[in-house]
Amino acid sequence: MEGVEMEAAPPVEYPSEDFCSLVISQFSNSNDEHHLHVCTTIGAISQELKDHNLPLTPIAYFGSTCSSLDRFLSSTTPPGHLIDALLTILFLVIDRLSSAVLRTKYVYLSELLNRNLQVKSIGVNGVVPGLKCVSRLLIVREKVEWAEVAQLYGVLVSYITDDRPKVRKQSHLCLREVLGYFQLTPVLAPLLAPASEAITNVFERFLLLAGGSDENVSERPKAAQELLHILDALKISLPYMSLKSSTIILKYFRSLLELKSLIVTRRITDALNALCLHSVGEISAEALLDLLCSLATTVSPDESSADSMTCTARLLDAGMKRVYSLNRQISVVKLPVVFSSLKDVLASEHEEALVAAVATFKNLIQSCIDESLIKQGVDQISVSANAATRKSGPTVIEKVCATIESLLDYHFAAVWDMSFQIVSTMFDKLGKYSFYLLKGTLKSLADMQKLPDEDFAFRKQLHECIGTALGAMGPEAFLSLLPLNLESKDLSESNLWLFPILKQYTVGAHLDFFTKSILPLVGEMKRKSALLKQEGKLYSASRVDGIVYSLWSLLPSFCNYPVDTAESFKGLERALCAALQEEPHVRGIICSSLQILVQQNKRILEGKENSPNIEISIAEERASVLYTAHVASSNLSTLKSSARELLSVLTGVYFKSSKDTSGILQSTIGELASILDKEVVTWFFKKTMQKLLNVTQEAGKSRNSKSSDLMQVDNSPNESSLSTAR
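Heads up: the sequence shown is residues 1 to 726, going by UniProt numbering.
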């Protein structure tokens, strides 16, 4: 049972004659006086059984122990140390009796324990095992009425505020165990409500005493301390109480929070954490949410301690997720309040509190922001965009996004690295809808790029965050908000710093966008370079040539799970063939891109999954999910229809290539050939071999016609030879 520490283990079979020796072996090595009394007492009981020729069975030890307890209770001054020892032995022997035996002895044993635990001379060493016996008795009952167990259960409750820490703690543990069994055992379930009510009544009584009238002013300090003890009990028992009782207690918690007492608030947050994490029964979502919001609004970076902010942040994590699971509608409405509170924790700059706040931000973004909430915000933005003025206020998701964006303010400069983590999580969650909801956030991130290095230590984290935004939106939407600005006359005004980000984080893009938007930029930059060269500005021209290469270097990323291969690859084919023939410096890029396209689709069609050891981004995971067998089949059909032309160009280039590029050309030819029909590959192979033969023959004729002048041979326009015409 999750969250319940089992105090009473199931009966264990031991050789009957070993019980005495087992007890002695457990305690004999200790110098503790109580342990010595236990050893002496069990030895005396064992000897008495032997003297009367009784079997040394657990039931015999049980009977003798109970008789001894009865006998001592009859005396005027019962010896406390002996009762302590006997109760310890009683617990140990009860643990070895079956539930059926204990049920038959319930009435007798219940009365015996009740009487013993009221003896004033009994010590901690007697009460603790005595309470364990009570707990065991309560959970072995079957089809029982509350009246039959009320008195015995009352014994546990009576020790809930005991002055002795060990006794008090054992009482709390036993209550938790018993309530847990009542909650999860069908035949005992009717007992849960009255058992929970008994604790609630004690809580209410001490609550009244602690804040009572002036007539009871002398009792207040003690009542206040006992109230803290009850709160300690609730820290572990609240998750197992009935709905009615837990709701009442939550409402009292609300009042106690207004005291703004650190020791009270901490106990309440601990109890709520346990309730949210371990409760398997019903919880009042409304009462819990009201408490969470009350706690959230009390967070103050200037007044709250690091410990209290850490506890609150963690509680908001567990609590809001629990409320969301119980009642989504009321929980999402309060997300702006909770996020605002977490923002205040982030501003505190206390390390442990920071870590807790970041974790809670991320978890709530993932767990409580759903498609319906996002759609509501996007729809409202779309309606407002078509209207002259906005008539409605911001939606919940817009308020949340505004809080997320505010984490990039200079006020949070010291923790921007953590802010970037939260912002990235939101981009990942919103996906393509980031374009509508996080426009301002992306622009704020871009503005941070302009900060000088000496004032900004988180450049790498910034680029990772912007990369996440790119992966979420896609390059088309991303570049519409944050363009490259290559048309600027001054290249320093261009956003060239985006190229590495575009190259690393683009996934699930449109090939059509590359064809219609990126390639035109390539042409424009090539013309600009030529013009600069004519003007003698060779350095500027070389920089522009570098931009051309950077634009082409985006192609492999655009070929990483593109969403329109079947529809748009044909439009890209002609440009690729031309570039392969005319631009040797981008052949490697194009070959890598073609291989990615073929390999990814083949892998999907063959049912091969990515290695579990390879960590992929959420954007890549989202893109790869769209690649079903049907999509991959359609993509390969398109690639297959283009493969002939591409193979023709690639082989032509291959015969003229250098050793540096021949390897990737060869592997690309192999990939394309792998998706063609066998007959086509055979025909193409024969055609290629004939071409190779012709080139070889031409090379031979060239050698025969060479003059003896070696320089002329070196400068011959026909540079193909057997070594280069592989």
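The beta carbon of each residue, even a glycine, is placed where N, CA and C say it ideally should be.
Cβ shell of residue i (< 7 Å), same chain only, five flanking positions each side left out
{"i": "residue 353", "result": "306, 309, 310, 313 and 345"}
{"i": "residue 407", "result": "343, 346, 419, 422 and 423"}
{"i": "residue 249", "result": "200, 203, 234 and 238"}
{"i": "residue 166", "result": "124 and 128"}
{"i": "residue 623", "result": "507, 508 and 561"}
{"i": "residue 518", "result": "551 and 554"}
{"i": "residue 41", "result": "82, 85, 86 and 89"}
Neighbourhood of residue i by C-beta, 8 Å cutoff - its chain only, sequence neighbours within 5 removed
{"i": "residue 49", "result": "55, 56, 60, 61 and 64"}
{"i": "residue 437", "result": "374, 377, 378, 381, 397, 398, 401 and 430"}
{"i": "residue 37", "result": "81, 82, 84 and 85"}
{"i": "residue 637", "result": "566"}
{"i": "residue 674", "result": "598 and 602"}
{"i": "residue 432", "result": "472, 473, 474 and 477"}
{"i": "residue 267", "result": "228, 231, 232, 234 and 235"}
Spatial distance of residue i from residue j (CA atoms)
{"i": "residue 632", "j": "residue 644", "result": "19 Å"}
{"i": "residue 336", "j": "residue 424", "result": "18 Å"}
{"i": "residue 163", "j": "residue 271", "result": "21 Å"}
{"i": "residue 152", "j": "residue 243", "result": "23 Å"}
{"i": "residue 224", "j": "residue 466", "result": "53 Å"}
{"i": "residue 660", "j": "residue 366", "result": "47 Å"}
{"i": "residue 124", "j": "residue 361", "result": "46 Å"}
{"i": "residue 526", "j": "residue 470", "result": "26 Å"}
{"i": "residue 390", "j": "residue 383", "result": "8 Å"}
{"i": "residue 475", "j": "residue 364", "result": "27 Å"}
{"i": "residue 647", "j": "residue 664", "result": "13 Å"}
{"i": "residue 237", "j": "residue 446", "result": "51 Å"}
{"i": "residue 427", "j": "residue 478", "result": "12 Å"}
{"i": "residue 512", "j": "residue 392", "result": "38 Å"}
{"i": "residue 51", "j": "residue 44", "result": "10 Å"}
{"i": "residue 11", "j": "residue 222", "result": "Here the model assigns residue 11 a pLDDT of 42, short of 50, so the residue's position is not dependable and the matter cannot be decided."}
{"i": "residue 523", "j": "residue 669", "result": "27 Å"}
{"i": "residue 95", "j": "residue 178", "result": "16 Å"}
{"i": "residue 452", "j": "residue 458", "result": "11 Å"}
{"i": "residue 686", "j": "residue 662", "result": "20 Å"}
{"i": "residue 571", "j": "residue 290", "result": "58 Å"}
{"i": "residue 206", "j": "residue 226", "result": "7 Å"}
{"i": "residue 456", "j": "residue 359", "result": "24 Å"}
{"i": "residue 146", "j": "residue 615", "result": "56 Å"}
{"i": "residue 534", "j": "residue 666", "result": "37 Å"}
{"i": "residue 170", "j": "residue 131", "result": "7 Å"}
{"i": "residue 539", "j": "residue 491", "result": "12 Å"}
Nearest-angstrom beta carbon gap, residue j and residue i [assumed within contact, 8 Å]
{"i": "residue 672", "j": "residue 563", "result": "Contact flag wrong, Cβ pair sits at about 22 Å."}
{"i": "residue 462", "j": "residue 448", "result": "6 Å"}
{"i": "residue 515", "j": "residue 557", "result": "The pair is not a contact, with the Cβ atoms about 14 Å apart (cut-off 8 Å)."}
{"i": "residue 415", "j": "residue 349", "result": "6 Å"}
{"i": "residue 78", "j": "residue 119", "result": "6 Å"}
{"i": "residue 134", "j": "residue 112", "result": "Actually they do not touch by this definition, with Cβ atoms about 11 Å apart."}
{"i": "residue 553", "j": "residue 589", "result": "6 Å"}
{"i": "residue 541", "j": "residue 532", "result": "4 Å"}
{"i": "residue 284", "j": "residue 247", "result": "4 Å"}
{"i": "residue 322", "j": "residue 276", "result": "4 Å"}
{"i": "residue 403", "j": "residue 340", "result": "6 Å"}
{"i": "residue 481", "j": "residue 494", "result": "Their Cβ separation, rounded to whole angstroms, is 16 Å, which puts residue 481 and residue 494 out of contact at 8 Å."}
{"i": "residue 58", "j": "residue 93", "result": "5 Å"}
{"i": "residue 149", "j": "residue 198", "result": "Rounded, the Cβ-Cβ distance is 11 Å, inconsistent with contact."}
6 Å CB neighbourhood of residue i in its chain, flanking five on each side removed
{"i": "residue 68", "result": "86"}
{"i": "residue 73", "result": "115"}
{"i": "residue 634", "result": "566"}
{"i": "residue 303", "result": "none"}
{"i": "residue 75", "result": "none"}
{"i": "residue 269", "result": "311 and 315"}
{"i": "residue 620", "result": "507"}
Inset, instruction - Give a yes or no on contact between the stretch 618-631 and the stretch 586-594, applying the rule of three or more CB pairs nearer than 8 Å. - result: Because the criterion of three Cβ pairs below 8 Å is not met, the stretch 618-631 and the stretch 586-594 do not touch.
Legend entry - Meets three-Cβ-pair contact criterion under 8 Å: the stretch 256-271 and the stretch 284-296: Touching, per the Cβ criterion.
Inset, instruction - Report yes or no: do the stretch 184-204 and the stretch 134-143 share at least 3 C-beta pairs separated by less than 8 Å? - result: Yes, the stretch 184-204 is in contact with the stretch 134-143.
Legend entry - Segment contact, 8 Å Cβ cut-off, at least three pairs: the stretch 573-588 with the stretch 545-564: Touching, yes.
Inset, instruction - Kindly confirm or deny that the stretch 167-182 and the stretch 192-199 touch, where touching means at least three C-beta pairs closer than 8 Å. - result: The way I'd put it, the stretch 167-182 does touch the stretch 192-199; three or more beta-carbon pairs between them come closer than 8 Å.
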